[in-house]
Amino acid sequence: MLKKIKHLVLGQSLRSDALDHEKFSVIWGLPVLSSDAISSVSYACEEILMVLIPVLGMASYGLLMKVGFAIVFLLFILVFSYRQTINCYPQGGGSYIVASDNLGKVFGLIAAASLAIDYVLTVAVSVCAGTAAITSAFPQLLSMRTGIALIIISLLTIGNLRGMKDSSVLFGIPTYLFIITILLLIVTGFVKVLIFHETPAVSAAMPQFVENAGLLLFLKAFSSGCTALTGVEAVSDGIPNFREPAQKNAKRVLYLLAGLVFVIFLGISALASLYHIIPNANVTVIAMIAEAVFGNGTLLFYLVQVTTAVILTMAANTAFADLPLLLSILARDGFVPRQFMSRGSRLSFSNGILLLFFLSAALVIYFHASSHLLMPLYAVGVFLSFTLSQAGMFVRWVKRKEDKWKHKAFINGAGMVITGITCVIIAASKFLHGAWIVLICIPVLVYIMERIHRHYHYVKESLKIRSAEELQPYDLQIHGSVILPVDSINRSFLKAYHYACSLQVREMEFYHVNTNAEATEKLQELYQQMRLDIPLIVEDAPYRNVNEMILHHVEEAQNDLKKKESVTVILPQFVMKKKRFHALHNQTSMQLKLQLSKLRNVSVVSVPYII
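Numbering (the numbering used here), first residue to last: 603 to 1213.
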């Protein structure tokens, strides 16, 4: 029953060799990996005005455009910088990889922690902003915004668990609808004011006093508006998700992203200035512009609100595409639990997707689905990762001195300096409003990842076979039936094997499920060194369903039993002396043991190996 429900919600399982067919083209890669940056412009203008209006009144709109041009200048610096990153890191040029490769593991972990926090906040902020767009059009739903936000996150999670191909179509169409609708809004707004000379009314709520715009005010507004640039790094992070030629496709998406952010951000900022928009806690700036341009209650007004709500929601999909990929790379390097390296039935990194769901849902509940409360935590992490990525690329050019390295070093050096200054500005201006939380979480996460890595290294060294003598066979008289599942030949496996030799068994076999050709080849080499008569059965798992295949194999062995016979399945088990590391091991074998225990005439023995 549960399997039928799973297939109904997520779809049928996909073979591992179907992975290439699940990757993005330019058309579908743009909405999935760029929706965060494209949608951020819808609330970046609002955040700038919330800083300027209370201080400058009517004079805010002139400064708004200056801040907007400064942000766009920074955007193009980032685009040129990340273009070089895409060229150098075809396997994915995320800040973690670039910083680790050129600055060292500690800086790589700082970048990874910063990005991980940013991705979680991206989901929470985007969904809350999307909910705000819904409640702006339908104010009667305001009291239900937390529930609406949680439903949206749940739908996003299900969509991404279905796999990349399904999610790209599911989330791509609404993104293109938003782009068309918002461009229509911008063009119509300019035509009404500049051609038909309509004069927008000045709200009575507009503060009439004007103070001088100092540098600190400009920097504070600039730091608030920099949320428009979050998500720019997602394209270079997600190169492995593109179809071949992956690098060319990624660069095309990056250029399209820059062009769209340029037009939409400056267009919305200009309309906010022309129509004298004043931010409201319960109504978004986009909603107020749409009301001024199209009229309240019109079809186009609701179309703008619906597509804005959808794109803001879809922006969270950038995080769903990139955070599980980042966690899989960290798991491969041993900095997070190995479970994040496994692909689910639909070839998505399902454990990372589920973790993102729980963390973002917790933030939405804690902050009552208010994007304004979450915004001060936003952007600090992403600009820190920007800075480390640019610094890593700068060091790479200086060290390697490759073709035209001075020109390339200048671009990345400029990006490093500008994003570094921006990061300091954001951290300082938002520190008391919540940025301090992020600045504490980053070193805490780095410490946790270091401890996990140290533990995995300790386990690896403890299990390593140090001499050929350890591989020599025991004398064995075969009188029974034992199945010993084997993932890799190490000391834990040898202890389980030695225990199996002590049993009175008719026959014994090693059973291996192949999900990684390189690991299987290494296992077979060690097995040859053991010079045993015991067969090693290797079966491929194109769907990565290791436990299912072991269970099926044991069921087949059970069917061949004679009367009063039984099958003994011996499972090696790690036992950690320190309890805090228990969660990092044995999760898969515990599930398998539970499934095997339901079979008649099957005995399951766990052989502990203490580390």
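Glycine included, each C-beta is placed from N, C-alpha and C at the ideal position.
As the structure is a computational prediction, the values presented were derived from the model and not from experiment.
Cβ-Cβ separation, residue j to residue i (assumed contact under 8 Å), whole Å
i	j	result
VAL1148	THR1190	7 Å
ALA860	VAL681	4 Å
ASP638	GLY833	3 Å
ILE1027	LEU873	Not a contact, Cβ separation roughly 26 Å.
LEU705	LEU990	7 Å
SER875	LEU666	6 Å
ILE1054	VAL1171	At roughly 30 Å, the Cβ-Cβ gap does not stay under 8 Å, so ILE1054 and VAL1171 are not in contact.
ALA739	GLN907	4 Å
THR687	SER838	5 Å
GLN1160	LEU1196	At roughly 17 Å, the Cβ-Cβ gap does not stay under 8 Å, so GLN1160 and LEU1196 are not in contact.
VAL722	LEU958	6 Å
SER636	GLN992	Contact flag wrong, Cβ pair sits at about 20 Å.
TYR1129	LEU1138	5 Å
ASN851	VAL628	5 Å
LEU858	LEU677	With 8 Å as the limit, LEU858 and LEU677 do not qualify as a contact, their Cβ atoms being about 13 Å apart.
Beta-carbon proximity of residue i to residue j, cut-off 7 Å
i	j	result
PHE996	THR1021	no
ASN1118	SER1168	no
THR777	PRO633	yes
THR909	PHE780	yes
THR900	ALA836	no
MET943	LEU711	no
ALA1045	PHE1095	Looking at the sequence provided, one finds Pro at residue 1045 rather than Ala. Against a cut-off of 7 Å, the Cβ pair of PHE1095 and PRO1045 comes out as no contact.
VAL855	VAL643	no
VAL1206	ALA1098	no
SER641	LEU986	no
LEU827	ALA1016	The sequence given here has Gly at residue 827, not Leu. Cβ distance not < 7 Å, so GLY827 and ALA1016 don't count as in contact.
VAL895	LEU787	yes
ILE755	SER952	no
VAL1048	ALA715	yes
PHE1183	TYR1211	no
VAL1040	ILE841	no
LEU902	GLY670	no
LEU744	THR737	yes
ALA735	ALA917	no
LEU1186	PRO939	yes
ILE782	ILE866	no
SER1083	LEU1125	no
PHE922	ALA672	no
ARG1093	LEU1073	no
TRP630	GLY774	yes
TYR1058	GLY936	yes
LYS853	ARG685	yes
DSSP beta-bridge partners of residue i
i	result
PRO1244	Residue 1244 cannot be examined here, being either before or after the span of the chain that is shown, 603 to 1213.
GLN1175	PRO1210
THR1170	VAL1084, SER1205
PHE844	PHE626
ASN689	In DSSP, ASN689 forms no bridge with anything.
VAL885	ASN882
Range of the contiguous beta strand (DSSP E) that encloses residue i
i	result
VAL1209	1204-1212
ASP1142	1138-1142
Bounding residues of the alpha helix (DSSP H) (the contiguous stretch that carries residue i)
i	result
ASP720	707-739
TYR1049	1037-1065
VAL795	Counting along the chain, VAL795 falls outside any alpha helix (DSSP H), and DSSP gives it neither H nor E.
GLN1189	1189-1198
ALA975	Position check: residue 975 holds Leu in this sequence, whereas Ala was assumed. Its alpha helix (DSSP H) spans residues 973-976.
ASP839	836-839
THR1122	1119-1132
CYS828	Per DSSP, CYS828 belongs to no alpha helix (DSSP H) and is neither H nor E.
VAL912	901-934
VAL1156	1148-1161
ARG998	982-1002
ASN1215	The requested residue 1215 does not occur in the structure, where the chain is confined to residues 603 to 1213.
THR1070	Residue identity differs from the one stated: residue 1070 is Ala in this sequence, not Thr. No alpha helix (DSSP H) contains ALA1070, which DSSP labels as neither H nor E.
GLY659	That residue, GLY659, is in no alpha helix (DSSP H); it is neither H nor E in DSSP.
LEU757	747-763
HIS1009	1007-1032
Taking 8 Å as the cut-off, does the segment 712-730 touch the segment 977-984 (at least 3 CB pairs, one atom from each stretch)? yes
How about the segment 688-700 and the segment 874-886: do they share at least three Cβ pairs that are nearer than 8 Å? no
If you pair each beta-carbon of the segment 1097-1116 with each one of the segment 1146-1166, do three or more pairs fall below 8 Å? Touching, per the Cβ criterion.
With a threshold of 8 Å, are at least 3 pairs of Cβ atoms found where one atom belongs to the segment 926-941 and the other to the segment 654-670? In this structure the segment 926-941 does not lie against the segment 654-670, because fewer than three pairs of beta carbons, one per stretch, are closer than 8 Å.
Check whether the segment 966-974 touches the segment 748-756, taking contact to mean three or more Cβ pairs, one atom from each stretch, closer than 8 Å. yes
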